[in-house]
Amino acid sequence: MKSWIKFSLSLFCSGTVFLNPNLVQAQEFERLPEVPGIDTSQVQYVRGETVRDRNLERVIIREVGRDIIDEVETVYNYHKIDLNSDGYDEALVTLRGRAVCGTGGCITLIIQGTSSGYGSILAVLASVRYIWYPPKSPLERGGL
C-alpha cells in the first residue's frame, strides 16, 4: 500500500487541524497576549495555507528523504511569507510525525522561494518550549 503525506493546517499560534484532500477548515487567530513593555501593534498575523502544495511536497521529500516521509504517517503545516524581501514567498513548514518529532519537539523547515516555486531548505529548526535554535547537523536532530 502506497503511503502519502497528509496535509494539515495550523497557525503558529494555535493548534493543528488535520485535513484530507477533500476537507478544508479555517481557524481563528489566537492573538498574542498583552505584555507590559512589548509593543505588538505591528505584528502581522498570517493565516496558514489550506491546500496541498505538490511542489512543496517534492522539496520536502527530496531534502528530507522519501524513506522517512513514507515510512510513517507524517503531516505538515505551512505558511507562505516573503522573509527576505526578494519578491518570492518562502515556506515555513512544520513536519509532524514519529520520525520527525522527538522529546525536543518537531522540525520546522524554512524553504527558499524562487521564481519557479521552491528551492532548497534554508534552515532547519527544532522547537523546545517556544525557544527556537538551529541544530548543528541533520543527524543531531534525532531522526533525520
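Numbering (this note's numbering), first residue to last: 281 to 424. Just so it is clear, CB atoms sit at the ideal spot from N, CA and C, and this is done for glycine as well.
Do residue i and residue j have their C-beta atoms within less than 9 Å of each other?
i      : j      : result
SER400 : GLU329 : no
GLY384 : ALA406 : yes
Where does residue i fall in DSSP's three states?
i      : result
ALA406 : strand
VAL355 : strand
GLU329 : coil
ILE391 : strand
GLU310 : coil
TYR398 : strand
VAL373 : strand
VAL318 : The question names Val, but residue 318 in the sequence shown is Ile. Correct three-state label for ILE318: coil.
Note down, in chain order, each residue of its chain lying with its Cβ closer than 7 Å to the Cβ of residue i, except the 5 sequence neighbours on either side.
i      : result
TYR368 : ASP362, GLY393, THR394, SER395
LEU303 : Because LEU303 sits at a pLDDT of 36, beneath the cut-off of 50, its placement in the model cannot be relied upon, and the following sentence gives the value as read from the coordinates. So no residue of the chain qualifies.
TRP412 : Bear in mind that a pLDDT of 46 at TRP412, under 50, signals an unreliable position, so the model cannot answer this.
Give me the residue from the options with the minimum Cα distance to residue i.
i      : options                        : result
VAL323 : LEU312, VAL355, ILE387         : LEU312
GLU353 : ILE318, VAL380, ASP319         : VAL380
TYR358 : VAL315, ASN335, THR374, LEU405 : THR374
GLY397 : GLU314, GLY317, ARG338         : ARG338
VAL326 : GLU310, ASN364, CYS386         : GLU310
CYS391 : SER365, LYS360, ARG376         : Reading off the sequence, residue 391 comes out as Ile, not Cys. Nearest option by C-alpha distance: LYS360.
LEU372 : PRO316, LEU336, ASP319, GLY317 : LEU336
Report, in whole angstroms, the separation of the C-beta atoms of residue i and residue j, which I expect to be a contact under 8 Å.
i      : j      : result
TYR356 : ILE340 : 7 Å
Can you give me the Cβ contacts of residue i inside the same chain, cut-off strictly under 6 Å, excluding the 5 residues immediately before and after it?
i      : result
THR388 : THR374, LEU405
ASP347 : none
ARG376 : VAL355, CYS386
THR320 : LEU312
Could you name the residues of the same chain whose beta carbon sits closer than 8 Å to that of residue i, not counting the 5 residues immediately before and after it, in chain order?
i      : result
GLU314 : THR320
GLY317 : none
ASN364 : GLU370
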